[in-house]
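Working notes for the structure below.
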Amino acid sequence: VCTYNILIDRLCKVEKLNEAIEVFDSMVDRGIEPELHTYNSLLAGLYKANRSSDAIKLFKSLRHGNLQPDVVTYNVMISGYFKHGEIEKATELLREMNSEGLKPDKFTYTTLIHFVSQARDLKAAQEVFEAIDKSGPSPDILQCITLMDCLIKNGKLEEARKLFDDIPGKGLVPDVVTYNTMLDVLCKNKKLSEAKEWLIGMEAKGCSPNAFSFNTVILGLLCGNEVEDAVRLLQTMLERDFSPN
RNA sequence: CCAUUUGACCA
160 VCTYNILIDR LCKVEKLNEA IEVFDSMVDR GIEPELHTYN SLLAGLYKAN RSSDAIKLFK
220 SLRHGNLQPD VVTYNVMISG YFKHGEIEKA TELLREMNSE GLKPDKFTYT TLIHFVSQAR
280 DLKAAQEVFE AIDKSGPSPD ILQCITLMDC LIKNGKLEEA RKLFDDIPGK GLVPDVVTYN
340 TMLDVLCKNK KLSEAKEWLI GMEAKGCSPN AFSFNTVILG LLCGNEVEDA VRLLQTMLER
400 DFSPN
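For the first sequence, the working numbering assigns the number 160 to the initial residue and increments by one for each residue that follows.
Quick look at the structure:
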């Protein structure tokens with residue numbers, strides 16, 4: 160069974176979905192019970208291939224079987240619905256998961272914030288965030304980032320900065336992505352020199368920049384006509400085996 | 001010490 164799970168998962172990742180399904184079927188034919196992981200992998204694969212109807216079918220067959228969907232299963236389904244704009248279905252699933260006594264976890268929350276931020280519903284995003292802040296376990300760093308991103312996209316750059324300053328106060332440590340998000344803020348704000356300082360500063364704090372960091376700053380420099388610096392950064396980037404974009 | 005599944009940042 161382990162072998163099958165790995166196989167199916169790998170096939171999904173390589174986007175050889177049909178083969179994954181074949182393997183899945185042959186598993187069933189042999190009387191091997193797929194476990195929840197198997198379903199979850201397959202569901203995620205189906206959504207990546209935009210085959211939501213198949214995913215829904217699979218989800219239903221799972222529930223009619225003797226397996227209980229777990230939080231992961233719901234998360235996959237919910238984000239899948241969101242991606243296809245089926246908001247009502249997604250919220251319906253949320254309710255359902257509550258009634259089954261399953262608690263939304265940080266993945267669920269991040270998905271929620273992400274979605275409302277895409278809908279440019281800043282208020283809703285902040286509400287979700289505050290709800291998490293109060294009720295649940297301390298907000299995940301990803302939730303802060305997602306909210307920051309939402310603020311940026313709505314032009315509230317200063318608030319995004321403020322949120323960043325709050326992060327250490329919540330007992331969270333800014334990670335690479337947090338820095339990347341801030342770099343993005345600074346570039347969009349035309350604070351290029353600050354962005355460059357941050358790029359150096361984050362490294363000094365033991366947080367090595369990744370390809371995203373470089374891409375963000377290089378792009379910012381180019382927009383600000385600081386081509387020379389951009390080129391210099393590009394070279395640094397190549398020295399570190401990052402591929403430019 | 002290690003099998004597999006879901007969320008975030010540039011483009």
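All residues carry an ideal CB built from backbone N, CA and C; glycine is no exception.
For residue i, the first and last residue of its enclosing alpha helix (DSSP H)
i: residue 387; result: 386 to 398
i: residue 241; result: 230 to 242
i: residue 308; result: 300 to 312
i: residue 164; result: 161 to 172
i: residue 276; result: 265 to 277
Three-state secondary structure assigned by DSSP to residue i
i: residue 401; result: coil
i: residue 189; result: coil
i: residue 227; result: coil
i: residue 331; result: coil
i: residue 358; result: helix
i: residue 208; result: coil
i: residue 200; result: helix
i: residue 220; result: helix
i: residue 348; result: coil
i: residue 382; result: helix
i: residue 317; result: helix
i: residue 286; result: helix
i: residue 254; result: helix
i: residue 369; result: coil
i: residue 280; result: coil
i: residue 261; result: coil
i: residue 353; result: helix
i: residue 293; result: helix
Neighbour-count burial assignment, residue i, 16 or more Cβ in a 10 Å radius
i: residue 402; result: exposed
i: residue 386; result: exposed
i: residue 269; result: buried
i: residue 165; result: exposed
i: residue 203; result: buried
i: residue 382; result: exposed
i: residue 359; result: exposed
i: residue 308; result: buried
i: residue 397; result: exposed
i: residue 267; result: buried
i: residue 223; result: exposed
Expected contact under 8 Å - CB spacing of residue i and residue j to nearest Å
i: residue 375; j: residue 342; result: 5 Å
i: residue 205; j: residue 176; result: 7 Å
i: residue 265; j: residue 301; result: 7 Å
i: residue 182; j: residue 167; result: 5 Å
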